[in-house]
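Protein chains in written order, with the numbering used here: chain A, 1 to 317; chain B, 1001 to 1270. Idealized CB from N, CA, C, for every residue including glycine. It should be emphasised that the depicted structure is a prediction, and the values quoted were computed from it without experimental measurement. Worksheet: the structure to be examined is printed underneath.
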Amino acid sequence: MKKINISILIIASISITLFSLLFGPSFINPFSLDDISGKILFQLRLPRVVTSFLIGSSLGASGAILQGILRNPLADPYILGISSGSALFAAASLMAGSAFLGPSTTALLAFSGALITCGIVGALGYKDGILLPERLLLAGIGLGFLFTAVLMLFMSLSTNYGMRRALLWIFGDLSMADWSQIPWGVLLISAGLILSISRAKGLNALMLGDEIAHSLGFSPSGERLVFFTSVSLMTATSVALGGVIGFIGLLIPHIVRFLTGSDAKTLIPLSALLGAGLLTLADTIGRTVIAPSELPSGVVTSLIGAPYFLYLLRKKI
Amino acid sequence: MTKRLILAIIILLSLSRCALAAGTGRIVSLAPNVTEILYSLGLEKRVVAVTDFCDYPPEAKSKPKVGGMVNPSLEAIVRMKPDIVIMAEDGNPKELEERIRGLGINTYVVRAKRLRELPGEIERLGKALKVEKKAEKLSFEIENAIAGLRKRNPAKTGSRALFIVWPEPLIVAGPGTAINDALELLGWENIAKDAAAEYPKYSIDEIIIRSPQVIFMAKGHDASFDRRLLKKLSGVRAVKEGRVYYLGDPIMRLSPRIVEGIREMAAYGN
C-alpha cells in the first residue's frame, strides 16, 4: 500500500508539473508552436513552473525537517522568523526603490535577510554547545514578531506605491519569475535537499528524542545544526525566489506522513516532490481561472490543500 | 525548381515583413490614466488591450484586458503582440517594466505625477507615438484650461481643505500629488500638505484639530464608511457647515479629464 502511494505521489507531482506548462490564460499546444506561443512557453511559463517547483520542494522538505528537529507538528519553514526577516529586507529595498545590485537586488536582499535571521535565531537557540529546540522555536517566534513590527512601521511611513508592491511580494508572487535567478535557486535548493536527504537517518533518530539518538550513535546537536543549516538555505532561497507562501511547509509533510509513513528517507524527498506539485498546480490554477487577472498562489494552495488535509485527518487518525 | 522555391520563400518573407510593418503601432496600456490620454490623442484604434481598471472612455471597457495594474498577466500582454506597452510610474511596478523590456517589447513610462507635468508628458508621449500635432494641441488646451482656472480663483489665505481618498483606513491626498496641486490652484490650503507620504494614512484627531472648512471625498466606496467617518468628524467645521462634497474619478486620474475634475471642485466655491 505504501509503495503504491509513493508511486502515485511521484507520478502525480511530475505529471502535474509537465501539464501545467500547457495551461494559462491561453492553452498552448506543444505540437504546433507559433512565435508568440513559443515565447510565452519558454520565457514566461517555463521559468514560472521551474520557480514554483523549486519553491514548493524547498518548503515541503524544510517543513518535514523542522517538524522533526523541533519535535513540533506545528513547525513550518517560517516559524523561525525567516519569512519576516527576509520580507523586511526585501520590502526595505522595494520601498527605497533602490536597485544598487542590479535587477536581482530584492532577491539578494531577501536571501541575506533570511540568512541573517537564521544566524540570529541559531545564536539565540544555542546554549552550552547545544542547539535547543525550544529555544530555537521561541527565538524564531520572538524575532519574527519584532521584524514584522519593524516592517509594519516601515510600511506606515512609506508611500502608497512601495506599500502595495511590498505587500504583494510578501504574499508570494510568482508572476515575475524569470530565468535569471533560477541557476542560483537550483544550486542552493538542491544543496540543501542533498544535504538533508543524505542525513535522513539522523533525522529519524532525532525524532525519537535526544537520548535515544545519542544511544544510537548520533550527536543530536551536530545533526540538528546540519538540518538547521539546510533548512535555512532552502527557505532563504525560496523566499528570495517568490516571497512567502503558506500551507505547503506546514501541511504537506503531514499529508506525506499520512500516506507513506514518517521514515525521513522517504518523508523528505516526497514532501519536496508533493510540495512542488501542489504549488505548481496552485499557480497554474491561479493564473488560469480568472485570466488575465491572477489569484495569489498562496491562496489557491490553501484552498486545495486544506480540505484534503482535513479529510485525511478525519479518515486516518 | 530550387530557384523557384527560393524565390517563393523570398516573396513570402517580404510579404510577412510588410504585414509586420503595417502592424506597427499596436499599443497596450497598463494604467487607466494612460488609456484616457491615448484615447484623447485619438489612438483608440491602436490600443489593443487595457487593464481591468480602464473604464473611461466607456468604449475602453470593451477592449481586451490584460489584468490589473500591479500584476497584469505577462502572457496576456505577449499574446497581444504589442509594439509598445505604455505604463505609469505611479501605479505599475518598476520590475514589471524591466520584465516586459526583457521580453523584447518596447515600453514607455508616463512619469508625470503633478498637474504641471501633465502637458509636457502628453507632448513627449505624442512624440513617441508619432502623433505630435495632436499631442501639442491637447497639451496646449490643458495648459490653457489650467491657467484659466488659476485666474478665476485667486489664492485666498487660510481657507483649509482636505481630500479624503478612502475613509477606512483613512487615506488622504498629501503633498506632491495632483490633487494637492488642484487644491492649491483653486486657492485652498491642503491641511495634509505637510504629511510624510503622498497618500498618508491620516489621523482623525489631526483633522479635528486642523478643522478644514471644506472636505472633498472620492466617490465609489461604501457610503456607510463615509457616514461612520463623518460622525467622528462631527465637530469639524466642514461637517458642521455641510460643506462635505463628493467628487468622481476625473480628479483622481492624471489625464486630460483632470481639468473637468478641477472644475467640479471649483464649482463648490472657495
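message: Using only the alpha-carbon positions, how far apart do Ile1262 (chain B) and Val1165 (chain B) sit?
response: For the purposes of this step, residue 1262 (chain B) is taken as the residue at position 262 of the second sequence. For the purposes of this step, residue 1165 (chain B) is taken as the residue at position 165 of the second sequence. Roughly 15 angstroms between the two C-alpha positions.
Boundaries (first-last residue) of the beta strand (DSSP E) holding Phe1163 (chain B): Locating residue 1163 (chain B) in the second sequence gives position 163, counting from the first residue. Start and end: Arg1160 to Trp1166.
Alpha helix (DSSP H) runs contained entirely in the stretch 1233-1261 of chain B, provided each spans 4 or more residues: 1237-1240
query: I think Ile139 (chain A) touches Ala110 (chain A), with their Cβ atoms under 8 angstroms apart; what is that distance to the nearest whole Å?
result: Position 139 of the first sequence, counted from the first residue, corresponds to residue 139 (chain A). Position 110 of the first sequence, counted from the first residue, corresponds to residue 110 (chain A). For clarity, residue 139 (chain A) is Ala in the given sequence; the question names Ile instead. With a Cβ gap of about 20 angstroms, Ala139 (chain A) and Ala110 (chain A) do not count as contacting.
query: Going straight from the alpha carbon of Leu295 (chain A) to that of Arg287 (chain A), what length do you get?
result: In the first sequence, residue 295 (chain A) corresponds to position 295, counting from 1. In the first sequence, residue 287 (chain A) corresponds to position 287, counting from 1. Using only the alpha carbons, I get a separation of about 6 angstroms.
- request: Return no unless some Cβ of chain A is closer than 9 angstroms to the Cβ of Asn1072 (chain B).
  value: Here residue 1072 (chain B) refers to the residue found at position 72 when the second sequence is read from its first residue. Checking the displayed sequence, the identity of residue 1072 (chain B) turns out to be Pro instead of Asn. Cβ-Cβ to chain A under 9 angstroms: yes for Pro1072 (chain B).
Proximity of Ile1122 (chain B) and Leu1041 (chain B) at Cβ, strictly below 9 angstroms: Here residue 1122 (chain B) refers to the residue found at position 122 of the second sequence. Here residue 1041 (chain B) refers to the residue found at position 41 of the second sequence. Yes.
task: Report, in whole angstroms, the separation of the C-beta atoms of Asn1253 (chain B) and Pro1032 (chain B), which I expect to be a contact under 8 angstroms.
output: Residue numbering aside, residue 1253 (chain B) sits at position 253 when the second sequence is read from its first letter. Residue numbering aside, residue 1032 (chain B) sits at position 32 when the second sequence is read from its first letter. Here residue 1253 (chain B) is Arg; the residue named in the question, Asn, does not match the sequence. Cβ-Cβ separation between Arg1253 (chain B) and Pro1032 (chain B): approximately 6 angstroms, consistent with a contact (criterion under 8 angstroms).
- prompt: If you measure beta-carbon to beta-carbon, which residues of the stretch 23-44 of chain A are closer than 8 angstroms to chain B?
  reply: Under the 8 angstroms Cβ criterion, the stretch 23-44 of chain A contributes Gly24, Pro25, Ser26, Ile36, Lys39, Ile40, Gln43 and Leu44.
Residues from the stretch 176-194 of chain A in contact with chain B, defined by Cβ distance under 9 angstroms: Cβ contacts with chain B: Met176, Asp178 and Ser180.
- request: Closer than 7 angstroms by C-beta to Leu1013 (chain B): which residues in its own chain qualify, once you throw out the five before and the five after it? Chain order, please.
  value: One-based indexing of the second sequence puts residue 1013 (chain B) at position 13. With a pLDDT of 48 at Leu1013 (chain B), under the threshold of 50, the modelled position of this residue cannot be trusted, and the question is left open.
message: Quick check: the stretch 200-212 of chain A against the stretch 259-273 of chain A, are at least 3 beta-carbon pairs closer than 8 angstroms?
response: yes
message: Could you compute how far the alpha carbon of Pro942 (chain B) sits from the alpha carbon of Ser1073 (chain B)?
response: In the structure as shown, chain B begins at 1001 and stops at 1270. Residue 942 (chain B) is therefore absent and cannot be evaluated.
- request: Please classify Ile79 (chain A): does DSSP put it in a helix, a strand, or coil?
  value: For this step, residue 79 (chain A) is matched to residue 79 along the first sequence. The answer is coil: DSSP assigns Ile79 (chain A) none of H, G, I, E or B.
- prompt: For the 8 angstroms Cβ check, are there 3 or more pairs between the stretch 114-124 of chain A and the stretch 57-67 of chain A?
  reply: no
query: By the criterion of Cβ-Cβ separation under 7 angstroms, what are the contact partners of Gly1067 (chain B) in chain A?
result: Counting from one through the second sequence, the residue named residue 1067 (chain B) turns up at place 67. In chain order: Pro292, Ser293 and Glu294.
- prompt: How many angstroms separate the CA atom of Ser1159 (chain B) from the CA atom of Ser93 (chain A)?
  reply: One-based indexing of the second sequence puts residue 1159 (chain B) at position 159. One-based indexing of the first sequence puts residue 93 (chain A) at position 93. Ser1159 (chain B) and Ser93 (chain A): Cα-Cα distance of roughly 39 angstroms.
- request: Check the Cβ of Asp173 (chain A) against every Cβ in chain B and list those closer than 7 angstroms, keeping chain order.
  value: Translated into positions along the first sequence, residue 173 (chain A) becomes position 173. By Cβ distance, chain B contributes Asn1071.
As assigned by DSSP and simplified to three states, the class of Glu1121 (chain B): Reading the second sequence from its first residue, position 121 is the one you call residue 1121 (chain B). Three-state result, Glu1121 (chain B): helix.
message: In the DSSP assignment, the beta strand (DSSP E) including Ala1088 (chain B) goes from what residue to what residue?
response: On the second sequence, position 88 is the one that residue 1088 (chain B) refers to. Here the beta strand (DSSP E) through Ala1088 (chain B) covers Ile1084 to Ala1088.
message: Run through the DSSP bridge pairs and tell me what Ile130 (chain A) is partnered with.
response: Numbered from 1 along the first sequence, position 130 holds the residue referred to as residue 130 (chain A). DSSP lists A:Lys127 as partners of Ile130 (chain A).
- prompt: Beta-carbon separation of Val1070 (chain B) and Asn1092 (chain B) under 9 angstroms?
  reply: Here residue 1070 (chain B) refers to the residue found at position 70 of the second sequence. Here residue 1092 (chain B) refers to the residue found at position 92 of the second sequence. Yes. Within cutoff.
task: Could you tell me which chain A residues have their CB closer than 8 angstroms to the CB of Lys1201 (chain B), listed as they occur along the chain?
output: Counted from its first residue, the second sequence places residue 1201 (chain B) at position 201. Ordered by position in chain A, the residues that pass the 8 angstroms Cβ test against Lys1201 (chain B) are Ser156.
message: Taking 9 angstroms as the threshold (C-beta atoms), are Ala1161 (chain B) and Ile1191 (chain B) in contact?
response: Taking the second sequence and counting its residues from 1, the one referred to as residue 1191 (chain B) is at position 191. Taking the second sequence and counting its residues from 1, the one referred to as residue 1161 (chain B) is at position 161. In this structure, Ile1191 (chain B) sits near Ala1161 (chain B), with a CB-CB distance shorter than 9 angstroms.
- prompt: Leaving out five residues before and five after Ser52 (chain A) in sequence, what residues of the same chain have Cβ atoms less than 6 angstroms from its Cβ?
  reply: Stepping through the first sequence from its first residue, residue 52 (chain A) is reached at position 52. Counting only Cβ-Cβ distances below 6 angstroms, and skipping sequence neighbours, we find Leu174, Leu279, Thr280 and Asp283.
- request: Report the residue from A:Leu88, A:Leu33 and A:Pro220 whose alpha carbon sits nearest the alpha carbon of Thr117 (chain A).
  value: Locating residue 117 (chain A) in the first sequence gives position 117, counting from the first residue. Shortest Cα-Cα distance from Thr117 (chain A) to any of A:Leu88, A:Leu33 and A:Pro220 involves A:Leu88.
field: Gly277 (chain A) versus A:Thr301, A:Leu137, A:His254 and A:Pro292, residue with shortest Cα-Cα distance
entry: Locating residue 277 (chain A) in the first sequence gives position 277, where the first residue counts as 1. Comparing Cα positions, the closest option is A:Thr301.
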